[in-house]
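S.K.: Residue numbering for the sequence shown is 8 to 243, as defined by our numbering. Virtual Cβ for every residue (Gly too), placed ideally from N, Cα, C. Got a structure for you, written out below as structure tokens; questions coming shortly.
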Amino acid sequence: MKLNIGHIFLLIFIMGKCTATAQTIYGVSGQIKTPDANIVENGKCAMAILYYSDYHDVHDELVRQWTVNFNVGFMSRVELGVRLAIFPDRPGDSEFYNVGFDRIVSAKMLILDESEYVPRFAIGMQDMVGTRYHNSTYFVAGKEFRLNHFLSLNMNLGYGTELNELLLDDAKDHHFIGVFGRGGVLLFKKLSFSAEYDARDINMGLIYSVGKWLNFKCLLLKMEHLSGGLSLTFTI
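Rendered as structure tokens:
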């Protein structure tokens, strides 16, 4: 899908930073699909349960899946994420559970924290261990603009590469190769409207936060596939 002026407007203005930690569908800090420059706080864990349709073992085919995601923050600058996926339309190897399974292990490191005039900057590696259908080594910067006590804007801009193939075996497929970005607005520190370009598709999302520990998420992937789930944040 080609970007036009309307899409660019959405990318700049429709993105929020929720009070509770939000996750991408792949299990690292973010809002929809693309990772942002945030990490989970040291000693805390976020857990999410999501249902959606996404690319997997066939490059252009969307596959229904349920996922359970965990991401943990430690040493104040490092985040480790794990995604476990169940594919009800894919046959499995077990005689007891005739569904397909997949796992993703990802990591992200905060390189530069956000200040008044400087954006937050992070580097990450997605799907470095697993079947590696969603592989990417990416660089991402993010900045929040607080306009008043009930309204703030947020922007993230990143670039994904295949650099990890220099160290690991060739991946089966990649995500976020090239420029990706998100933007949005957060109202009353509760309701986030977001949109992103993931270097391939346009996605949108709505997230409602309850306190500092619970998010309810509604997503529109590829601008046509309705998805949803919830995430919890707790101290370990």
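Nearest to alanine 92 by alpha carbon, out of Leu221, Thr138, Glu48?
M.R.: Start at 1 with the first residue of the sequence shown, and residue 92 comes out as number 85. It is Thr138.
S.K.: Where isoleucine 111 and histidine 182 are concerned, what is the direct C-alpha to C-alpha distance, given to the nearest angstrom?
M.R.: Within the sequence shown, numbered from 1, the residue matching residue 111 stands at position 104. Within the sequence shown, numbered from 1, the residue matching residue 182 stands at position 175. Cα to Cα, isoleucine 111 sits roughly 13 angstroms from histidine 182.
S.K.: Using a threshold of 8 angstroms, state whether the C-beta atoms of leucine 228 and tyrosine 59 are closer than that.
M.R.: For the purposes of this step, residue 228 is taken as the residue at position 221 of the sequence shown. For the purposes of this step, residue 59 is taken as the residue at position 52 of the sequence shown. Yes, the pair counts as a contact, with Cβ atoms nearer than the cut-off.
S.K.: According to the Cβ coordinates, are glycine 80 and valine 35 closer than 8 angstroms?
M.R.: Position 73 of the sequence shown holds residue 80. Position 28 of the sequence shown holds residue 35. No, these two residues do not count as a Cβ contact at 8 angstroms.
S.K.: State yes or no: is the C-beta of alanine 202 within less than 8 angstroms of the C-beta of isoleucine 184?
M.R.: As a first step, residue 202 is located in the sequence shown; it is residue number 195 there, counting from the start. As a first step, residue 184 is located in the sequence shown; it is residue number 177 there, counting from the start. Not closer than 8 angstroms, so no.
S.K.: Exposed or buried, arginine 153, counting other C-beta atoms within 10 Å across all chains shown (16 or more means buried)?
M.R.: Locating residue 153 in the sequence shown gives position 146, where the first residue counts as 1. Looking at its Cβ environment, which holds fewer than 16 other Cβ atoms inside 10 Å, arginine 153 is exposed.
S.K.: Where does leucine 117 sit, in a helix, a strand or coil, going by DSSP?
M.R.: Within the sequence shown, the letter at position 110 stands for residue 117. In the structure shown, leucine 117 sits in a strand (DSSP, three-state: E or B).
S.K.: Buried or exposed for leucine 194, please, with buried defined as at least 16 other CB atoms from any protein chain shown within 10 angstroms of its CB.
M.R.: As a first step, residue 194 must be located in the sequence shown, where it is residue number 187. Classification for leucine 194: exposed.
S.K.: Measuring straight from C-alpha to C-alpha, what distance separates serine 143 and lysine 196?
M.R.: Stepping through the sequence shown from its first residue, residue 143 is reached at position 136. Stepping through the sequence shown from its first residue, residue 196 is reached at position 189. Roughly 31 angstroms separates the two Cα atoms.
S.K.: Determine the burial state of threonine 240: buried for a count of at least 16 other Cβ atoms within 10 Å of its Cβ, exposed for fewer.
M.R.: One-based indexing of the sequence shown puts residue 240 at position 233. When all chains shown are included, threonine 240 counts as buried.
S.K.: With a floor of 4 residues, list each alpha helix (DSSP H) that falls wholly inside the segment 111–186, ordered by position along the chain.
M.R.: none
S.K.: So, helix, strand or coil for isoleucine 243, using DSSP?
M.R.: Numbered from 1 along the sequence shown, position 236 holds the residue referred to as residue 243. Coil, per DSSP.
S.K.: Measuring CA to CA, which of Asn163, Arg97, Leu174, Asp208 is closest to phenylalanine 146?
M.R.: For this step, residue 146 is matched to residue 139 along the sequence shown. Phenylalanine 146 has its Cα closest to that of Asn163, out of Asn163, Arg97, Leu174, Asp208.
S.K.: Would phenylalanine 157 be called buried (16 or more neighbouring beta carbons within 10 Å of its own) or exposed?
M.R.: Taking the sequence shown and counting its residues from 1, the one referred to as residue 157 is at position 150. Classification for phenylalanine 157: exposed.
S.K.: Identify, in the order they occur along the chain, each residue of the same chain with its Cβ nearer than 6 angstroms to the Cβ of methionine 54, setting aside the five sequence neighbours on each side.
M.R.: The residue given as residue 54 occupies position 47 in the sequence shown. Same-chain partners within the cutoff: Phe77, Leu239.
S.K.: Any idea what DSSP makes of alanine 44, helix, strand or coil?
M.R.: Along the sequence shown, read from residue 1 onward, the residue named residue 44 stands at position 37. DSSP places alanine 44 in coil when its eight states are reduced to three.
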